Amino acid sequence: MAAIQNIVILTGAGISAESGIDTFRGAGGLWENHRVEDVATPEAFARDPDLVLRFYDMRRAAIQTREPNAAHAALARLDREWRGNLLIVTQNVDDLHERGGARRVLHMHGEHLNAWCTACDARSRWTGPLIDRPPCPVCGTPALRPDIVWFGEMPYRMEEIYDALRAADLFVSIGTSGAVYPAAGFVRNARDLGAATLELNLERSQGSGWFDESRLGPATELVPAWVGELLG
1 MAAIQNIVIL
11 TGAGISAESG
21 IDTFRGAGGL
31 WENHRVEDVA
41 TPEAFARDPD
51 LVLRFYDMRR
61 AAIQTREPNA
71 AHAALARLDR
81 EWRGNLLIVT
91 QNVDDLHERG
101 GARRVLHMHG
111 EHLNAWCTAC
121 DARSRWTGPL
131 IDRPPCPVCG
141 TPALRPDIVW
151 FGEMPYRMEE
161 IYDALRAADL
171 FVSIGTSGAV
181 YPAAGFVRNA
191 RDLGAATLEL
201 NLERSQGSGW
211 FDESRLGPAT
221 ELVPAWVGEL
231 LG
């Protein structure tokens with residue numbers, strides 16, 4: 001471990017599932033009763049904004065009733081104690097990493113607790129509903145939408161992510177399906193540049209073959225054990 005200085009961690013739905021946050025796929029998943037095309041594209045928002053806003057209002061309310069779990073706490077410990085560079089890139093739109101205590105976090109798919117004004121481009125912290133078309137806190141225009149990267153839109157801060165991957169000595173993927181790009185390609189980017197790669201997942205992801213090592217089990221068990229091992 002002495003050679004490791006720079007770490008990039010990718011987290012997905014699996015790390016928050018044990019806190020009761022719905023995953024996107026599988027029984028009981030977010031998409032079980034809604035097609036992606038109906039709630040998670042710019043076209044859906046243009047076609048039926050009330051449906052989309054109700055869907056995200058429910059998700060925004062739900063995450064505020066959930067709490068960080070042991071995996072979030074372990075990554076927060078790593079954030080506090082790791083003296084090298086660390087970037088936690090999350091595909092999740094909840095705030096459990098931050099509430100768990102982590103600070104070096106990048107939300108590539110946006111955040112439920114933000115609203116984006118399509119009139120002035122401001123992003124504001126937002127914990128209430130959007131269905132009633134409240135005015136933007138910055139410009140006053142009723143043009144707010146969820147600050148979520150929908151299918152067909154570009155994830156946030158990609159240049160910063162790729163810069164971190166280029167410098168990484170270790171890339172770790174936690175709780176991801178390996179099905180959603182560009183995040184699913186990060187392991188190959190890191191590996192091609194010489195980083196060690198580790199997967200911590202409930203089951204093998206679609207990209208599992210690209211990792212040097214896969215450890216399978218619940219995130220609340222695997223992540224604290226790995227962090228403890230890394231910090232010695």
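In the numbering used here, the protein residues as written are 1 to 232.
Just so you know, even glycine gets a beta-carbon here, dropped at the ideal spot from N, CA and C.
Note that this is a predicted model, so its numbers are computed, not measured.
Taking C-beta atoms as the reference points, leucine 53 and leucine 165 fail to come closer than 7 Å. Fully contained in the region 118–169 are the following alpha helix (DSSP H) runs of length 4 or more, in chain order: 158–167.
Beta-bridge partners assigned by DSSP to tryptophan 116: Arg123 and Arg145.
The way I'd put it, the region 15–22 doesn't touch the region 180–188; fewer than three beta-carbon pairs between them come closer than 8 Å. Assignment of threonine 41 by DSSP, reduced to helix, strand and coil, places it in the coil class. The three-state reading of DSSP puts valine 105 in strand, counting E and B together. For serine 214, DSSP records a beta bridge to Glu199. About 18 Å separates the beta carbon of asparagine 114 from that of threonine 11, a gap too long to meet the 8 Å contact definition. Using a 10 angstroms sphere on the CB of tyrosine 56, the tally of other CB atoms reaches 16 or more, which defines it as buried. Contact annotation: histidine 112 and threonine 90 have beta-carbon atoms that are not nearer than 7 Å. Less than 7 Å separates the beta-carbon of leucine 170 from that of alanine 195.
Between methionine 154 and valine 36, the alpha-carbon positions lie close to 16 Å from each other.
Closest in C-alpha terms to leucine 87, from the list Ala74, Ala102, Phe45 and Ala73, comes Ala102.
By the neighbour-count definition (other C-beta atoms within 10 Å, threshold 16), phenylalanine 151 is an exposed residue. DSSP, reduced to helix, strand and coil, places glycine 232 outside both helices and strands of the structure shown, so it counts as coil. Bridge pairing for valine 89: Leu10 and Leu106 [DSSP]. Beta-carbon to beta-carbon, arginine 77 and valine 227 are separated by about 6 Å, close enough to satisfy the 8 Å threshold. Tyrosine 156 and glycine 110 do touch by the CB rule: their CB atoms are close to 7 Å apart, below 8 Å.
Taking tryptophan 210 as the centre and dropping the five residues before and after it, the same chain places the C-beta of Val187, Arg188, Arg191 and Thr197 closer than 8 Å to its C-beta, in chain order. A direct Cα-to-Cα measurement between proline 135 and glycine 128 gives close to 12 Å. As summarised for the region 52–99, the continuous alpha helix (DSSP H) elements at least 4 residues long and confined to that stretch are 70–81, given in chain order.
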